[in-house]
Every structure is written in C-alpha cells, then in structure tokens.
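Engineer: Residue numbers (my numbering), protein chains in the order written: chain A, 1 to 307; chain Z, 1001 to 1307.
Protein chains: 2
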Amino acid sequence: MRIAIIGSGGVGCFYGTRLLRAGHDVHFLMRSDLETVRRDGLHVISPDGDFRGPVNAYATSADIGHVDLVVCSLKATALGDARALIAPCVGPDTHVLALMNGLGVEQSFAEWFGPARVYGGMAFVCINRLSPGVVRHFGYGRLSIGHFQDDLDAAGRIAALFRDAGIQVVVPPSLNVARWEKLAWNIPFSTLSVTAGAISTQQIIDDPGLRSVCRALMRETIEAANAEGCNLDADPLIDKMFANTATMGHYRPSMLVDYDEKRPLEVDAILGEPVRRAQAAGLDVPHLDMNLHLLSMLDRLNRGEVV
Amino acid sequence: MRIAIIGSGGVGCFYGTRLLRAGHDVHFLMRSDLETVRRDGLHVISPDGDFRGPVNAYATSADIGHVDLVVCSLKATALGDARALIAPCVGPDTHVLALMNGLGVEQSFAEWFGPARVYGGMAFVCINRLSPGVVRHFGYGRLSIGHFQDDLDAAGRIAALFRDAGIQVVVPPSLNVARWEKLAWNIPFSTLSVTAGAISTQQIIDDPGLRSVCRALMRETIEAANAEGCNLDADPLIDKMFANTATMGHYRPSMLVDYDEKRPLEVDAILGEPVRRAQAAGLDVPHLDMNLHLLSMLDRLNRGEVV
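1) Since V285 of chain A contacts A278 of chain A with CB under 8 Å, what's their CB separation in whole angstroms?
2) So is M1001 of chain Z buried or exposed if we call it buried at 16+ other beta carbons inside 10 Å?
3) Find the nearest neighbour of V257 of chain A within the set A:T77, A:T94, A:N128, judged by alpha-carbon distance.
4) On a Cα-Cα basis, can you pick out the residue from Z:R1219, Z:E1223, Z:G1229 that is closest to W1239 of chain Z?
5) List, in order along the chain, the chain A residues whose C-beta lies closer than 9 Å to that of I1199 of chain Z?
6) Assuming N56 of chain A is part of the beta strand (DSSP E), what are its boundary residues?
7) Please report how far the alpha carbon of D1050 of chain Z lies from the alpha carbon of T1036 of chain Z, in whole angstroms.
8) Check whether the Cβ of D258 of chain A lies closer than 9 Å to any Cβ atom in chain Z.
9) Exposed or buried, which one is P188 of chain A when buried takes at least 16 other CB atoms within 10 Å?
10) Is there a Cβ from chain Z that is less than 9 Å from the Cβ of M290 of chain A?
11) Tell me which residues of the region 1206–1220 of chain Z have at least one Cβ-Cβ distance to chain A shorter than 8 Å, keeping chain order.
12) Between Q279 of chain A and chain Z, is there a C-beta pair that is closer than 9 Å?
13) Please tell me whether A1234 of chain Z has its Cβ less than 9 Å away from any Cβ of chain A.
14) Leaving aside the five residues before and after A1216 of chain Z along the sequence, list all residues of the same chain whose C-beta is less than 6 Å from its C-beta, in chain order.
15) Comparing alpha-carbon positions, which option in A:M122, A:H147, A:G146 lies nearest Y140 of chain A?
16) Please determine, among Z:M1297, Z:D1068, Z:L1019, Z:G1304, the residue with the shortest C-alpha to C-alpha distance to S308 of chain A.
17) In terms of residue numbering, what span does the alpha helix (DSSP H) encompassing G1010 of chain Z cover?
18) Taking the straight line between their C-alpha atoms, what separation do you get for G1272 of chain Z and S131 of chain A?
19) Apply the 10 Å Cβ neighbour rule to T221 of chain A and answer buried if 16 or more other Cβ atoms are within range, or exposed otherwise.
20) Would you say the region 1015–1027 of chain Z touches the region 1060–1080 of chain Z, given that touching needs at least three Cβ pairs under 8 Å?
21) Does the Cβ-Cβ distance between I205 of chain A and V1306 of chain Z come in under 9 Å?
22) Could you list the residues in the region 145–156 of chain A with a C-beta less than 8 Å from some C-beta on chain Z, going in chain order?
23) Answer with yes or no whether the minimum CB distance from Q203 of chain A to chain Z is below 9 Å.
24) Can you grab the Cα-Cα spacing for the pair A116 of chain A / Q168 of chain A, in whole Å?
25) Straight-line CA distance for M248 of chain A to R136 of chain A?
26) Residues bridged to G1053 of chain Z by DSSP?
27) Counting only Cβ pairs nearer than 9 Å, list the residues of chain Z close to L143 of chain A.
28) Could you list which residues in chain A have their beta carbon closer than 7 Å to that of L1294 of chain Z, in chain order?
29) If you measure from the beta carbon of P1274 of chain Z to each beta carbon in chain A, is any gap under 9 Å?
30) I believe T195 of chain A touches Y251 of chain A by the beta-carbon criterion, under 8 Å. Please report the beta-carbon distance rounded to the nearest angstrom.
31) Once the 5 residues before and after L1294 of chain Z are set aside, which same chain residues still bring their CB inside 6 Å of it?
32) For H1095 of chain Z, would you say it is in contact with chain A, using Cβ-to-Cβ distances shorter than 9 Å as the test?
33) Please report whether the beta-carbon of P253 of chain A lies at a distance below 9 Å from any beta-carbon of chain Z.
34) Could you list which residues in chain A have their beta carbon closer than 8 Å to that of H1043 of chain Z, in chain order?
35) Between A1057 of chain Z and H1043 of chain Z, what straight-line distance do the alpha-carbon atoms span, to the nearest angstrom?
36) If we ignore side chains and look at the alpha-carbon of each, how far apart do P47 of chain A and C126 of chain A end up?
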C-alpha cells in the first residue's frame, strides 16, 4: 500500500518505518530533518529492533502525490498547516488517519476531506526525537485507531495494516471515548510535567502533593468525558493509569521535551479544548482551568512571546 | 527607645533606619551583610529619602542584650531559629513585634515569650535587598500593627513609634483579620508570580487567564478567612486589590526575588497554613491546594532538594 507520513517527528518515523519494514511503499514528508535523512538515512533505536536505512523523504506533499493512506502525525500546534500539507496526497479513495494528540482534530479533517475517509489514532508510546534523523523508542507502542463516524469495519482495515506490521492495535467502539481516555493520562502527566517545574512522571507520582493534584486533574477530565456520554468509571481508570505510569520510570512526556527544546506546546488540543467542552457542559473544573492558564503562560514565556 | 532589629533584610533595614532617623537607639542583628555594613554602613535608597550611614550592627543577639522593643523581621522560613535569636534581647518589659509574613507566627511567639508582649505587623511595602548593605525601597510602606490579643491601646503605643518616624500605620481591630486580608493579596500575587513562570504582578494582571486564576485564589482565601469569622466582603476587597496592584507596575514580589536567588520560599506560612486551616474548616480550596503543591515542588527543585 502506498502511504504518506505527513509530519515525520518521533511518532511518524517510528510507525512509518514499521510500515516500511512490513513491505509498504512509505513516503515521508520532512522539514528540518530532510537533508540529514537524505544523506544518512533514518535511524530508529528501539527495544523492539532498530531501523537504520534510507527512506523516501520529501520536501513537499506534491512530490509525494496521491496515496492510499495518509498518516498525519503533525503536532497539534501545526493543525493550521495540516490541510495544505495533506491535500496534495488525497485522491478519490485515500484514507486519512490523524495520528495526533488532543480533541477536535478529526472534526477539522472531516470538514476538509469529508467524514467517511477520516480516522483518528492515538499512540501509547514513549518516544523522543534525539537529533535530526534519529528517533529513540523507549517502549510501548500500542495504537488505538477509530473511524471518525465509528465505522468499525473501516477502522478494522486500517488497524490491520499496523497489526500486520507488528504493532499492537485496538479498535475502540467509540473514537471520542478513546480520545478522552487518552486525555485522562495526557492532561495530568504531560501538563503537570511542565507546570510543576519540568519534572518526570516519576517525580510527579513520588510527591504526595502532586499525586493528589494529578488525581484531581484525572477526575475532572473523566467528569468532562462523561458529560459527553463517555461513561468512564473513574476510580479503576485512575488506578490503572497510576499503575501504568509507575512502570515508565523517569519518563519525560513529549510535551516536556517540546518545552525543553522551546517548541510550541500542544496547549489547546490537550487542555484548551477539553476545558472549553467541560465548561460548555456546565462543569466546574478548577484544576484543569488553572493548569491551562499556567501552562499557556509558561509556553509563551518559553518562546519569548511574553515580555 | 532601645530597639533590636532581628533579621536585617529589606524590611528590617528599611523600618530600622526610619526608627533610627527618628532618634531611637537601634541595633541590627546581621548575618551575611555584617562585614559590609560595618565597613561601608547601610544604604537604603527610597523615593521618600535615602539613608546612608553607619549603624550598630551585631553578629549575635547576646551582644545587643535587652531592649525595649524587638522587631523580628526574619523570613517566615527562619521561624525555627527565631526563638533563639530573639530571647537574648527580651527583658522583663520588652515588647516583641513579629514583622513577618503569613499565618501562625504570633502563636509561636506567644508560646515562647508570653502573649501580653507579642505584636504582629504587616508591611505593605515594595522593597528588595539589592546587595549586601544595600536595600531599595520602590514605594509604599504602610504598616498594620496589632496586638496578639487585640489590646488596641498596647498596639497603639507600638504604632505611634512608627508613626512618629514618618511611617503610615494603622491598628486593625483584629490582627487575625488583618493577617488574612494581607494573605488575600500575598497568596495570589506572590505565589502565582513563581508558579506562572517567574513573572511580575503586571504580567499576571495583563493575562486574562491568570487574572481569573488570581481572582479564584483571592476568593478561596477570603472564604477561608470568613470560616474563621473574619467577615470580609469578597468583591470590593478583590476589586481594591486589583486596583492597587495595577499601580505597582512590573513589581516582583519578594517571594519571586527569593526564588530568583534560590533562597527558600515562605511556602508554609503564606500558603501551607492557610490551606490547612481552610481544609480543617471543611472548605474545598482547589486553587489554593494546587498552587501549594506546585509551589512546594518548584521551591524544592530550585534549591536542588528534588532529583
């Protein structure tokens, strides 16, 4: 299958090279890493086996042209550019998978390309880009892939591509529920790792005070999800997330890595949109709201946008 | 009157030199600044008139001996040392004024020295210590001085000393109410200036999100005060504090200056004790509680206490 990876950061390179190794015809859109990758190839270091070799790398989507599947793994902060970057790859029968963080991405994709071809994916993976063309996969890798309109057969066909490439994949009955479930981890750990002083997940769970803040953020996120009919069971979900996180060690979430490297943070997709939806549903979410405003200021200060 | 200034930071030096200029016999206990001040004198730069000259500076309280009034202007983080530093200056008729931040200080002083001689003071002043022996007063300077048991006559006599030295002084009917009222400024502005990324009061009030967080912190503080019978009227008090703060410009609260200089922050006196009292009264104070845990982690990270 002919596949375009739009946004070749850590996630795009990891899953793209998995699909490549499984025999697919994969094309990577690259920006800052393009010259390095063309010269030295791509290097993905992983406990599941390294990838090292040349790949098809492009500066523009028009050079890639139509494909069967677009995997869009841009940062949510680049959502404004996504339409122009994806459109040249979309032919009549192209499927578009938004392998991105946060809420609201598929809604935009559905408006641009029509809902029937749009899928959303969530990567449960610990991965960082180390340097141009070099990505380090620390562990995990499970994908959750749903169709925008919850067409389970369609989602199953996209999921099968990744499963056949050796990736663990689940197809959730509802993409929206799955999005919220992922946020119930991402909101506390990704955003607190920045607002509590640039610390690892382990430092959060080792501190009794931050642990309680983390729990409160999870609870408010789950309440917001349930206000949209998600029907999540808070206590077991919270316990499961703490247990999973304890196995990660001193993991620095990608939001913290972005912060360290002074890149824009996915504030709006990960925290802004959930807070808007919670407040629109009439919920009081003081921890989410406060963390949003702190994170937004830290993000802007970090990039010299506030003086 | 013979007066000891225990803790000669910005506040101690500013008020101490005012009392000195008014003709009192003032003795400063100093630590890191002692040698510089003995050699070069003390320098207080102020829009109300500079002070520059020699002062009586000591390395130990025993060298000062008994005085009529102890002004304790230690940081609240040094409360554990306060008793030993003050005791050598306390004779049978000595009054002790805790010119310190936060809640709970006078309770300790009353246990140590007896309640009848204990006073609490709050300084509404913008002041920073620039370098050893050099203090800069940016403006304001009003004191609020109360007696531990709300003996208004006794408080009035201490207040008169400062008033005669050209300081604006009020004697509040209740020291506890006055403490809480000051916290309603200190909690939002001092603690947010650190947790929102080391920013000035102006940057807080210029940001709509942080302004709303600031307002929520004030409101919870006032609710906690009222749970102790303070009977504060939230809306006018909040409006007055925003209006006053708007006149301060890009002021960096002393907590932020301490943070910049990697000194311990007054986390417990300014935020920990108020949160404990609020929760003991059965109140839900999510913004205060979250800010406490963030501030506590930032303080420890800043001093290398968390790795």
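Even glycine gets a Cβ: it sits at the ideal position worked out from N, Cα and C.
Structural biologist: In this structure, then:
1) Translated into positions along the first sequence, residue 285 of chain A becomes position 285. Translated into positions along the first sequence, residue 278 of chain A becomes position 278. That pair is a contact at about 5 Å.
2) Here residue 1001 of chain Z refers to the residue found at position 1 of the second sequence. Per the 10 Å Cβ criterion, exposed.
3) Here residue 257 of chain A corresponds to residue number 257 of the first sequence, with the count starting at 1. From the listed residues A:T77, A:T94, A:N128, the smallest Cα separation to V257 of chain A is found for A:N128.
4) Numbered from its first residue, the second sequence carries residue 1239 of chain Z at position 239. Note on identity: in this sequence residue 1239 of chain Z is Asp, with Trp being the wrong assignment. Selection Z:R1219, Z:E1223, Z:G1229 evaluated against D1239 of chain Z yields Z:R1219 as nearest (Cα-Cα).
5) Taking the first residue of the second sequence as position 1, residue 1199 of chain Z is located at position 199. Ordered by position in chain A, the residues that pass the 9 Å Cβ test against I1199 of chain Z are M297, L301, V306.
6) Taking the first residue of the first sequence as position 1, residue 56 of chain A is located at position 56. It spans 56–58 - the beta strand (DSSP E) in which N56 of chain A sits, taken as one unbroken run.
7) Within the second sequence, residue 1050 of chain Z is the residue found at index 50, counting from 1. Within the second sequence, residue 1036 of chain Z is the residue found at index 36, counting from 1. Looking at the two C-alpha atoms, the distance is approximately 18 Å.
8) Taking the first residue of the first sequence as position 1, residue 258 of chain A is located at position 258. Chain Z has no Cβ within less than 9 Å of the Cβ of D258 of chain A.
9) Within the first sequence, residue 188 of chain A is the residue found at index 188, counting from 1. Buried: at least 16 other Cβ atoms inside 10 Å.
10) Within the first sequence, numbered from 1, the residue matching residue 290 of chain A stands at position 290. Taking Cβ atoms only, chain Z reaches closer than 9 Å to M290 of chain A, which makes this a yes.
11) Against chain A - using a Cβ distance shorter than 8 Å - the residues of the region 1206–1220 of chain Z are D1207, G1209, L1210, S1212, V1213, A1216.
12) Start at 1 with the first residue of the first sequence, and residue 279 of chain A comes out as number 279. For Q279 of chain A, the nearest beta carbon of chain Z is not closer than 9 Å to its own beta carbon.
13) In the second sequence, residue 1234 of chain Z corresponds to position 234, counting from 1. No, no contact with chain A.
14) Within the second sequence, numbered from 1, the residue matching residue 1216 of chain Z stands at position 216. The residues are H1287.
15) For the purposes of this step, residue 140 of chain A is taken as residue 140 along the first sequence, with counting starting at 1. If we check each option's Cα against that of Y140 of chain A, A:M122 comes out closest.
16) Coverage of chain A is limited to positions 1 through 307, which leaves residue 308 of chain A absent and any answer about it impossible.
17) Here residue 1010 of chain Z refers to the residue found at position 10 of the second sequence. Per DSSP, the continuous alpha helix (DSSP H) segment holding G1010 of chain Z begins and ends at 1010–1021.
18) As a first step, residue 1272 of chain Z must be located in the second sequence, where it is residue number 272. As a first step, residue 131 of chain A must be located in the first sequence, where it is residue number 131. Distance from the CA atom of G1272 of chain Z to the CA atom of S131 of chain A, rounded to whole angstroms, is 43 Å.
19) Here residue 221 of chain A is taken as the residue at index 221 of the first sequence, counted from 1. With a 10 Å radius around the Cβ and a threshold of 16 neighbouring Cβ atoms, T221 of chain A comes out buried.
20) In the pairwise beta carbon analysis, the region 1015–1027 of chain Z is classified as touching the region 1060–1080 of chain Z: at least three pairs are separated by under 8 Å.
21) Taking the first sequence and counting its residues from 1, the one referred to as residue 205 of chain A is at position 205. Taking the second sequence and counting its residues from 1, the one referred to as residue 1306 of chain Z is at position 306. No, the pair does not count as a contact, with Cβ atoms beyond the cut-off.
22) For the region 145–156 of chain A, the set of residues with a beta-carbon nearer than 8 Å to any beta-carbon of chain Z is empty.
23) Residue numbering aside, residue 203 of chain A sits at position 203 when the first sequence is read from its first letter. So, interface residue.
24) One-based indexing of the first sequence puts residue 116 of chain A at position 116. One-based indexing of the first sequence puts residue 168 of chain A at position 168. Rounded to the nearest whole angstrom, the C-alpha separation of A116 of chain A and Q168 of chain A is 24 Å.
25) As a first step, residue 248 of chain A must be located in the first sequence, where it is residue number 248. As a first step, residue 136 of chain A must be located in the first sequence, where it is residue number 136. Taking the Cα positions, M248 of chain A is about 15 Å away from R136 of chain A.
26) The count along the second sequence starts at 1 and reaches residue 1053 of chain Z at position 53. According to the DSSP secondary-structure assignment, G1053 of chain Z is paired through a beta bridge with Z:L1042.
27) Translated into the one-based positions of the first sequence, residue 143 of chain A becomes position 143. Ordered by position in chain Z, no residue passes the 9 Å Cβ test against L143 of chain A, which lies about 33 Å from the chain.
28) What you label residue 1294 of chain Z is simply residue 294 of the second sequence in a count that begins at 1. Within chain A, the C-beta atoms nearer than 7 Å to that of L1294 of chain Z come from T195, A196, in chain order.
29) Start at 1 with the first residue of the second sequence, and residue 1274 of chain Z comes out as number 274. Output row for P1274 of chain Z: interface = no.
30) On the first sequence, position 195 is the one that residue 195 of chain A refers to. On the first sequence, position 251 is the one that residue 251 of chain A refers to. Your pair T195 of chain A and Y251 of chain A does not check out as a contact, with CB atoms roughly 17 Å apart and the cut at 8 Å.
31) Position 294 of the second sequence holds residue 1294 of chain Z. Here L1294 of chain Z has T1195 as same chain residues with Cβ atoms under 6 Å from its own Cβ, once five neighbours each way along the sequence are excluded.
32) As a working mapping, residue 1095 of chain Z is identified with position 95 in the second sequence. No, because no Cβ of chain A sits closer than 9 Å to the Cβ of H1095 of chain Z.
33) Here the question's residue 253 of chain A lines up with position 253 in the first sequence. Not an interface residue.
34) Along the second sequence, one-based indexing puts residue 1043 of chain Z at 43. Ordered by position in chain A, no residue passes the 8 Å Cβ test against H1043 of chain Z, which lies about 31 Å from the chain.
35) Walking along the second sequence from the start, residue 1057 of chain Z turns up at place 57. Walking along the second sequence from the start, residue 1043 of chain Z turns up at place 43. Each residue's alpha carbon lies about 13 Å from the other.
36) Position 47 of the first sequence, counted from the start, is the residue given in the question as residue 47 of chain A. Position 126 of the first sequence, counted from the start, is the residue given in the question as residue 126 of chain A. Between P47 of chain A and C126 of chain A, the C-alpha separation is close to 11 Å.
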